[in-house]
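Engineer:
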Amino acid sequence: MFTVEGPDLGHGASPPSRLESHMAQHFGPLSTVRPGRRTFLKGLAGAAALAVSPELLAACGGGSSSTSGSKGTGSISFGSNYSDASTKAAFAALVKNATADTHVDVSVNTVDHNTFQDNITAYLKGTPDSLCTWFAGYRMQYFAAQGQLAQLDDVWDTIGANFNDATKALSKGLDGHYYFVPIYNYPWVVFYNKSTFNKNGYTEPKTWDDFVALAKKMKGDGLIPIAFADKDLWPGLGTFDILNLRINGYDFHMQLMQGKADYSDPKVTDVFDKWAEILPYCQSGANGRIWQDAAKALETKQAGMMFQGTNQVAANYQPANLPDLDFFVYPEINPTYGQDYMDAPADGFIMPAKGKNGDSAKKVLEYIGTGPAEQAFLKNDKWDVGLATNIDQSNYDAIQKKSAQVIAACKNVAQFGDRDSDPAMAAALEALIQKFIENPSASNIKSIQSSASKQAKSIFG
Amino acid sequence: MTVAVSPPQSGKKAVAEGPPPRRSRRSRRVRVLSRRDKVVLVLMLGIPLMLDVAFIWVPALTSVLFSFTRWNGIGSLHPFTACPPPPAPSILRNGCYTGLDNYHQAVTIYPQFWPAVEHNVIWLVVFIVIATPLGMLFAVIIDRGIRGSRIYQSVLFLPVMLSLALIGIVWEFMYSQNYGLVNSVLGRTSGPGAIDWLGNPHINLWAVLVAATWRQAGYVMVLYLAGLKAVEASLREAAAIDGASDWQTFWRVVFPVLRPINAIILVVTVIESLRAFDLVYIINKGSNGLELLSVLVTNNIVGEISRIGFGSALGVVLLVISLVPICFFLYQNFRREEAS
Chain P
481 MFTVEGPDLG
491 HGASPPSRLE
501 SHMAQHFGPL
511 STVRPGRRTF
521 LKGLAGAAAL
531 AVSPELLAAC
541 GGGSSSTSGS
551 KGTGSISFGS
561 NYSDASTKAA
571 FAALVKNATA
581 DTHVDVSVNT
591 VDHNTFQDNI
601 TAYLKGTPDS
611 LCTWFAGYRM
621 QYFAAQGQLA
631 QLDDVWDTIG
641 ANFNDATKAL
651 SKGLDGHYYF
661 VPIYNYPWVV
671 FYNKSTFNKN
681 GYTEPKTWDD
691 FVALAKKMKG
701 DGLIPIAFAD
711 KDLWPGLGTF
721 DILNLRINGY
731 DFHMQLMQGK
741 ADYSDPKVTD
751 VFDKWAEILP
761 YCQSGANGRI
771 WQDAAKALET
781 KQAGMMFQGT
791 NQVAANYQPA
801 NLPDLDFFVY
811 PEINPTYGQD
821 YMDAPADGFI
831 MPAKGKNGDS
841 AKKVLEYIGT
851 GPAEQAFLKN
861 DKWDVGLATN
871 IDQSNYDAIQ
881 KKSAQVIAAC
891 KNVAQFGDRD
901 SDPAMAAALE
911 ALIQKFIENP
921 SASNIKSIQS
931 SASKQAKSIF
941 G
Chain E
187 MTVAVSPPQS
197 GKKAVAEGPP
207 PRRSRRSRRV
217 RVLSRRDKVV
227 LVLMLGIPLM
237 LDVAFIWVPA
247 LTSVLFSFTR
257 WNGIGSLHPF
267 TACPPPPAPS
277 ILRNGCYTGL
287 DNYHQAVTIY
297 PQFWPAVEHN
307 VIWLVVFIVI
317 ATPLGMLFAV
327 IIDRGIRGSR
337 IYQSVLFLPV
347 MLSLALIGIV
357 WEFMYSQNYG
367 LVNSVLGRTS
377 GPGAIDWLGN
387 PHINLWAVLV
397 AATWRQAGYV
407 MVLYLAGLKA
417 VEASLREAAA
427 IDGASDWQTF
437 WRVVFPVLRP
447 INAIILVVTV
457 IESLRAFDLV
467 YIINKGSNGL
477 ELLSVLVTNN
487 IVGEISRIGF
497 GSALGVVLLV
507 ISLVPICFFL
517 YQNFRREEAS
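Chains as they are written, first to last, in the numbering used here: chain P, 481 to 941; chain E, 187 to 526.
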């Protein structure tokens, strides 16, 4: 139920009802609202709670932890943010198979998805489990660089043969060592209903011009060309990512995400200019709409297309409507980069440096990094795809089969705007994107770029 | 505050009940406090003091200290070592002293800061100008004992019993652009005419303030009702006999008698506006037109962003703003106590 919050959270469930979606959207954050609601120094409560938290006070004393992880065998605990019923079941199946294979007793410690994310810093510094769920990308590298994660090079000596180079790259920290074992990923693509396309004689656009022409045609036919929502703040990052990847390529995108390129660069202006070109064809009032409502507009065929992750759109569809759902890869804009890149966020597992019984934990990770383990997980999950090259794809549905193909066809995949960048910068960009959606004029684009550039300097500087 | 005031009173009481004075002044002062008195005194003063220091002073002062640092919550903190100059990798510029940088960034390049201040002020003004008089009006009407007043009272009080988080969810359903009650009633659920109540930064603050007022008015009503019940009927009778109209009776007689209630309501209003948080956090985490200082503090500190120093600086700004009405209230209160 909590899986509908973020791009990483969407690996959920039989499609949640609207009410469930709303509730999920809310009850996640609630857990962080609680402390200190009654005190009238309300705003200070966050700071105050932090100030007295023992871990943080302890941190004042300094001290660094070893990144080799703990030794020791025996039973392990596994911290999980798969709090949704169906992913919880998928994870339970995985753990059961892991125990059968490795004879390591695993106790699962499930925490609500958002709470887990909000507490990650304190969690890793306190008394973390032997293993826990996390995301690939800078979000993992950030903690690895600060000695919070155990190196997994020896695990990868065993499982390395099961993965391609792209997967290996996303499992490495900035220092080139491994810190992550993935379980699945999913692509960000343009969804549509086959029936709508057949009825109106639309075809999948391959280039930007075709895409804009199709959007125009749909508008003429009385459809919302592109269902769009950005109230949750993160969905807009997906469009920013893909336009930047298409126009400026993977290397520039990653430099920008990590504060090595400047947001005031004219290349970024191109991104917003292209976006402004299709914004009139996007569902209006996006800043006030949750993505589930946008997905519903697509499902009810009020909208022609929608750009988002399979993990959200396919997961949100009623099973009866799923056969009608199809997608195409975001069209080419700059021939230099063609359709070489996309966002394909990977979820997986890390080993906190402070976890116990590291030897057993590594045995479990060695099992998880195999095709059969991913299959065990994906038995209950029909919107994500495994990353192991030796996975048996016979149980995949059409969306999954196509997902695996389009990801494999990429030269490189990004993780997502909020996974590839510093969280503070991702939040700053999210807020600015809402301003852009509100007013996509050239002068506003300029002020947005200038603000992003200044904030990036203060965050990365 | 009451906690802090009461122990000395009990101390005085202990003095009064002590053994009768027999010896010289100096030794008597030592003797009057028996061992038991001292233990009681220490406990009654010490425990509240300890709690006060541990939960108010330490966190507040720590926040002030943090606000001069750049720290992501990981790694060691050296609040008295200056950060290396900017070309240093960001990982090295962590847990160190940056002087007033955080404050400077907040007021210059953090785009959410000034809107947040503005929204806090608007929130306060709407509460004072609309919510409070509305609550007062409800209270006066209900107090007149109109038919079904108990039902009105319950209905108006109901929102006060709901948590603000829940109110946020309820109103979010009502304001939903394509499926909400408000747009359905207006017949504007689709097309360009659909009103984006919570997403349009020009109207969402007002939409949220309607929800906040819906609750605040009930709260104020209950406080005034309690006050009105305490107004002696003879005052009204006397006013009526002197030929005062209802309007005059209320403004010239009843309202002045309600002065203590008014003071409480003023303080409650200011506090509620400064601690406004739950509603906007539920609706969109305080972004896009709904920025409030309290949310900015939380957004920067809690979660993965972990800009502890920067968030603390915003917290200190909120603390300073909060101190103004608090000091004013305390000053008024103590002055009244001295006078009486």
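Just so it is clear, CB atoms sit at the ideal spot from N, CA and C, and this is done for glycine as well.
When DSSP labels each residue in this structure, what does tyrosine 405 of chain E get in the three-state scheme?
Structural biologist: Residue state, collapsed to three classes: helix.
Engineer: Counting contacts by CB-CB distance shorter than 9 Å, is leucine 912 of chain P in contact with chain E?
Structural biologist: By this cut-off, leucine 912 of chain P is an interface position.
Engineer: In whole angstroms, give me the CA-to-CA distance for valine 307 of chain E and arginine 401 of chain E.
Structural biologist: If I take the Cα positions, the gap works out to 18 Å.
Engineer: Does asparagine 892 of chain P come out as helix, strand or coil in the three-state DSSP assignment?
Structural biologist: The answer is strand: DSSP assigns asparagine 892 of chain P an E or B state.
Engineer: Which word fits arginine 330 of chain E, buried or exposed, when buried means at least 16 other C-beta atoms lie within 10 angstroms of its C-beta?
Structural biologist: Flag for arginine 330 of chain E reads exposed.
Engineer: Using Cβ-Cβ distances below 7 Å, what residues of the segment 233-244 of chain E are close to chain P?
Structural biologist: Cβ contacts with chain P come from Val244.
Engineer: Here's the rule I'm using: 16 or more other beta-carbon atoms within 10 Å means buried, otherwise exposed. How should aspartate 701 of chain P be labelled?
Structural biologist: When all chains shown are included, aspartate 701 of chain P counts as exposed.
Engineer: How would you write the range of the beta strand (DSSP E) that alanine 795 of chain P sits in, first residue to last?
Structural biologist: Run containing alanine 795 of chain P: none in the beta strand (DSSP E); it sits in the alpha helix (DSSP H), 790-796.
Engineer: Are the CB atoms of glycine 739 of chain P and glycine 549 of chain P within a distance shorter than 9 Å?
Structural biologist: The answer is no: Cβ separation not under 9 Å.
Engineer: Straight-line CA distance for aspartate 238 of chain E to proline 245 of chain E?
Structural biologist: Near 10 Å, if we compare the C-alpha coordinates of proline 245 of chain E and aspartate 238 of chain E.
Engineer: Can you tell me the Cα-Cα spacing of serine 933 of chain P and leucine 476 of chain E, whole angstroms?
Structural biologist: Approximately 23 Å between the Cα atoms of the pair.
Engineer: Using Cβ-Cβ distances below 9 Å, what residues of the segment 590-622 of chain P are close to chain B?
Structural biologist: No chain B appears in this structure, whose protein chains are P and E.
Engineer: Residues of the segment 491-505 of chain E in Cβ contact with chain P at a cutoff of 9 Å, in chain order, please.
Structural biologist: Under the 9 Å Cβ criterion, the segment 491-505 of chain E contributes Ile491, Ser492, Arg493, Ile494, Phe496, Gly497, Ser498, Leu500, Gly501, Val502, Val503, Leu504 and Leu505.
Engineer: Kindly give me the distance between the Cβ atoms of tyrosine 672 of chain P and aspartate 806 of chain P, rounded to whole angstroms, as I take these residues to be in contact under 8 Å.
Structural biologist: Right, the Cβ-Cβ distance comes to about 6 Å (below 8 Å), so this counts as a contact.
Engineer: Return the first residue and the last residue of the alpha helix (DSSP H) that isoleucine 308 of chain E is part of.
Structural biologist: Looking at the DSSP string, the run of the alpha helix (DSSP H) that includes isoleucine 308 of chain E is 299-312.
Engineer: Chain E partners of arginine 769 of chain P, CB-CB under 8 Å?
Structural biologist: The answer, in chain order, is Gln363, Asn364, Asp382 and Gly385.
Engineer: What's the C-alpha gap between isoleucine 939 of chain P and asparagine 561 of chain P?
Structural biologist: Cα to Cα, isoleucine 939 of chain P sits roughly 28 Å from asparagine 561 of chain P.
Engineer: What's the C-alpha gap between serine 931 of chain P and glutamine 873 of chain P?
Structural biologist: Those two C-alpha atoms are separated by around 46 Å.
Engineer: Give the secondary structure of glycine 492 of chain P by DSSP, where H, G and I count as helix, E and B as strand, and everything else as coil.
Structural biologist: In this predicted model, glycine 492 of chain P has a pLDDT of only 36, less than 50, meaning its place in the structure is not dependable; the value taken from the coordinates is given anyway. Glycine 492 of chain P falls in the coil class under three-state DSSP.
Engineer: Spell out whether any CB of chain E is found under 9 Å from the CB atom of aspartate 773 of chain P.
Structural biologist: Closer than 9 Å: yes.
Engineer: Give the secondary structure of valine 189 of chain E by DSSP, where H, G and I count as helix, E and B as strand, and everything else as coil.
Structural biologist: Unreliable positioning characterises valine 189 of chain E in this predicted model, as indicated by a pLDDT of 39, which lies under 50. A coordinate reading is not provided.
Engineer: For phenylalanine 691 of chain P, I'd like the list of residues in its chain whose CB is within less than 7 Å of its CB, leaving aside the five on either flank, ordered along the chain.
Structural biologist: The answer, listed in chain order, is Pro685 and Pro811.
Engineer: As a quick exercise: from P/Tyr659, P/Asn589 and P/Ala783, pick the residue whose alpha carbon is nearest that of glutamate 846 of chain P.
Structural biologist: Among P/Tyr659, P/Asn589 and P/Ala783, the Cα nearest to that of glutamate 846 of chain P is on P/Tyr659.
Engineer: Rounded to whole angstroms, how far is the Cβ of alanine 907 of chain P from the Cβ of isoleucine 491 of chain E, which I believe are closer than 8 Å?
Structural biologist: Going by Cβ atoms, the distance from alanine 907 of chain P to isoleucine 491 of chain E rounds to 6 Å, so yes, they are a contact pair.
Engineer: From which residue to which residue does the beta strand (DSSP E) around valine 506 of chain E run?
Structural biologist: No beta strand (DSSP E) contains valine 506 of chain E, which is instead part of the alpha helix (DSSP H) from 494-525.
Engineer: If you run the structure through DSSP and keep just helix, strand and coil, what is threonine 595 of chain P?
Structural biologist: Residue state, collapsed to three classes: helix.
Engineer: Does DSSP put tyrosine 338 of chain E in a helix, a strand or coil?
Structural biologist: In this structure, tyrosine 338 of chain E counts as helix in the three-state DSSP scheme.
Engineer: Could you work out which residues of chain P lie near isoleucine 295 of chain E, taking near to mean beta carbons separated by less than 8 Å?
Structural biologist: Going along chain P in sequence order, the residues near isoleucine 295 of chain E (Cβ under 8 Å) are Ser931, Lys934, Gln935 and Ser938.
Engineer: Alpha carbon to alpha carbon, how far is tyrosine 797 of chain P from serine 587 of chain P? Give it in angstroms, no decimals.
Structural biologist: Cα-Cα distance, rounded: 33 Å.
Engineer: Please classify glutamate 466 of chain P as buried or exposed, where buried requires at least 16 neighbouring CB atoms within 10 angstroms.
Structural biologist: Residue 466 of chain P falls outside the range modelled here, since chain P spans only 481 to 941, and no answer is possible.
Engineer: Who are the near neighbours of alanine 302 of chain E in its chain, counting only those whose CB is closer than 6 Å to its CB and skipping five residues on each side?
Structural biologist: Taken in chain order, the residues that qualify are Glu477, Leu478, Leu479 and Leu482.
Engineer: So, helix, strand or coil for leucine 286 of chain E, using DSSP?
Structural biologist: Three-state DSSP puts leucine 286 of chain E in coil, outside helix and strand.
Engineer: Do isoleucine 706 of chain P and tyrosine 664 of chain P have their beta-carbon atoms positioned less than 9 Å apart in this structure?
Structural biologist: Contact: no.
Engineer: Starting from the C-beta of arginine 522 of chain E, find all residues in its chain whose C-beta is less than 6 Å away, skip the five residues before and the five after it, and write them out in chain order.
Structural biologist: Counting only Cβ-Cβ distances below 6 Å, and skipping sequence neighbours, we find nothing.
Engineer: Taking Cβ positions, are leucine 723 of chain P and lysine 754 of chain P nearer each other than 9 Å?
Structural biologist: Yes.
Engineer: Residues in its own chain within less than 7 Å of leucine 912 of chain P by CB, not counting five upstream and five downstream?
Structural biologist: For leucine 912 of chain P, where only same-chain residues beyond five positions count, the Cβ hits under 7 Å are Ile928, Ser931 and Ala932.
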